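Residue numbers (the numbering used here), protein chains in the order written: chain A, 1 to 114; chain B, 1001 to 1114. Ideal Cβ positions, reconstructed from N, Cα and C, are used throughout, including at glycine. All figures in this text were calculated on a predicted structure; none of them were measured in a lab. One structure is given here, and the rest of the page talks about it.
Protein chains: 2
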Amino acid sequence: MDGYGQYFKALRESKGVTLREVERQTGVSNAYLSQLESGKVKQPSPNTLYKLAQFYQVSYEMLMEKVGYPVPKSSTVPKDHSVSSAAKNKLGGISHEEEVELLQYLKFIRNRMS
Amino acid sequence: MDGYGQYFKALRESKGVTLREVERQTGVSNAYLSQLESGKVKQPSPNTLYKLAQFYQVSYEMLMEKVGYPVPKSSTVPKDHSVSSAAKNKLGGISHEEEVELLQYLKFIRNRMS
DNA sequence: ATCTATTGCTTGCAATATCAAGCAAAGCTA
DNA sequence: TAGCTTTGCTTGATATTGCAAGCAATAGAT
């Protein structure tokens, strides 16, 4: 019943980067990132979300939506996601949990060559 | 180098409502609203901005931009404003200060009949 | 003139965002 | 085995959001 914490963690691991690497590139402290990924943060500021969105190459609006901020075009159907829109369209609507799982699998695949 | 405080105050006064009336209709405390209008608040949360945007009938994105949050379509030209877009287009680009002034004049006009 | 309600404002407080510093476990390297 | 580094995490501190309560000034009503 936590939240988007796992999502951020899955995102990072799918990229195979460390907390400190994210810190270096975004300016967000590894301490905070850790709390973020373990669900100890309620609503990270838009500023922080923006940095993460850029680093992870996901939609800023989507992150805003995920943490519960109101978004301009508040449709019931989320607009864009980490797993490419194309994939999403082919897969049809997927749930949050499914997305996390896909990301974890992505990580597995990417790590298979090393 | 104050901020958007005056803008919110001008907005409210142009509508001729009290702090407590805004509180009643938005759920944002009059205490906080007062601080907001006197520049004692740095970055009100998107949640709060959204409530105010709805009440004042201005663009939520525009408010986000005004308080310094990153916005999806970060163009150098602000998208929409309190004074109708149409008016804006006719007037051409207007500055923040000009906008506040226009709102104050709006207030004057509206209050002339009472 | 006195009481009452309204209005804007200040203040103290709880919750939260965010970080710097440090810690334990795990991995290298010699 | 002993050291050095990396990694994720916890903790203490600081800043800020946002509110409840209360205060001073003003306006109305009687």
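Residue-level contact to chain B via CB, Tyr-69 of chain A, 8 Å cutoff: Within the first sequence, numbered from 1, the residue matching residue 69 of chain A stands at position 69. Answer yes: the Cβ-Cβ gap between Tyr-69 of chain A and chain B drops below 8 Å somewhere.
*Do you know offhand how far Ala-10 of chain A's Cα is from Gln-1035 of chain B's?*
To locate residue 10 of chain A, count along the first sequence from 1; it is residue 10. To locate residue 1035 of chain B, count along the second sequence from 1; it is residue 35. C-alpha separation (whole angstroms): 40 Å.
Fill in: Alpha carbon of Ser-1029 of chain B to alpha carbon of Arg-1020 of chain B, nearest angstrom
Working through the second sequence from its first residue, we reach residue 1029 of chain B at position 29. Working through the second sequence from its first residue, we reach residue 1020 of chain B at position 20. About 8 Å.
Who are the near neighbours of Leu-63 of chain A in its chain, counting only those whose CB is closer than 6 Å to its CB and skipping five residues on each side? Taking the first sequence and counting its residues from 1, the one referred to as residue 63 of chain A is at position 63. For Leu-63 of chain A, where only same-chain residues beyond five positions count, the Cβ hits under 6 Å are Leu-49, Ala-53.
What separation, rounded to the nearest whole angstrom, lies between the Cα atoms of Pro-1046 of chain B and Gly-68 of chain A? Taking the second sequence and counting its residues from 1, the one referred to as residue 1046 of chain B is at position 46. Taking the first sequence and counting its residues from 1, the one referred to as residue 68 of chain A is at position 68. Answer to the nearest angstrom: the Cα atoms are 10 Å apart.
field: Residues within the stretch 27-54 of chain A neighbouring chain B, beta-carbon criterion of under 8 Å
entry: Gln-43, Ser-45, Pro-46, Asn-47, Tyr-50
Review point. Using a Cβ-Cβ cut-off of 6 Å (strictly less than) and excluding sequence neighbours within five positions of Tyr-56 of chain A, which residues of its own chain qualify?
Key: One-based indexing of the first sequence puts residue 56 of chain A at position 56. Taken in chain order, the residues that qualify are Leu-11.
>> Taking the beta carbon of Lys-1042 of chain B as the centre, do at least 16 other beta carbons fall within 10 Å, making it buried, or is it exposed?
In response: As a position in the second sequence, residue 1042 of chain B is number 42, starting the count at 1. Lys-1042 of chain B is exposed by the Cβ-count criterion.
Query raised in the report: So with Cβ pairs under 8 Å, would you call Tyr-1056 of chain B a contact of chain A?
Result: Within the second sequence, numbered from 1, the residue matching residue 1056 of chain B stands at position 56. Answer no: the Cβ-Cβ gap between Tyr-1056 of chain B and chain A never drops below 8 Å.
Can you tell me whether Tyr-66 of chain A is buried or exposed, with buried defined as 16 or more other CB within 10 angstroms of its CB?
In the first sequence, residue 66 of chain A corresponds to position 66, counting from 1. What sits at residue 66 of chain A in the sequence shown is Lys, not Tyr. It is buried - the Cβ of Lys-66 of chain A has at least 16 other Cβ atoms within 10 Å.
**Q.** Rounded straight-line distance, which links the Cα of Gly-1016 of chain B to that of Lys-40 of chain A
**A.** The sequence position of residue 40 of chain A within the first sequence is 40, counting from 1. The sequence position of residue 1016 of chain B within the second sequence is 16, counting from 1. Distance between the alpha carbons of Lys-40 of chain A and Gly-1016 of chain B: 42 Å.
Tyr-1004 of chain B at chain A interface by Cβ criterion, 8 Å
Here the question's residue 1004 of chain B lines up with position 4 in the second sequence. For Tyr-1004 of chain B, the answer is no, since every Cβ of chain A falls outside 8 Å of its Cβ.
CB-CB under 7 Å to Pro-1044 of chain B, same chain, minus the five flanking residues each way: which ones, in chain order? In the second sequence, counting from the first residue as 1, residue 1044 of chain B sits at position 44. So the list reads Leu-1036, Val-1067, once near-sequence residues are dropped.
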